[in-house]
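Q: Before I ask anything, let me first share the structure, which is written out below as structure tokens.
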Amino acid sequence: MDIEPTNQQVAAEVGIEEEEVERYRRESLLLGDGSWLVHFAYEMPKELRHRFTGSFTAIVKADLPDEDVREYGEHGKHFSLP
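Quick note: the sequence shown uses my numbering, first residue 1, plus one each step.
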């Protein structure tokens, strides 16, 4: 995903309301694998940060193309194709 995720997408990934993402979201950085590292404000309440990868960051993962899903499976585990 080379387009920055919307607040709605971030909210779904992190498990908080879209309005909370709008209020506390600061910066988003594209990672090498196509995922986005999303930074949030320091004043964000602790109870909203329960699914974060770091203190004030969350990763919004890139979607795998269909051929990658077949090769790696639904949960990213590699298996051999016939």
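All C-beta atoms, glycine included, are put in the ideal place defined by N, C-alpha and C.
Can you tell me which residues form a DSSP beta bridge with residue 28?
A: Partner(s): 38.
Q: By DSSP, does residue 12 sit in helix, in strand, or in coil?
A: Helix, per DSSP.
Q: Would you give the residue range spanned by the beta strand (DSSP E) that residue 57 belongs to?
A: Element bounds for residue 57: 57-60.
Q: Would you tell me roughly how many angstroms separate the C-alpha atoms of residue 18 and residue 49, rounded to the nearest one?
A: Cα to Cα, residue 18 sits roughly 14 Å from residue 49.
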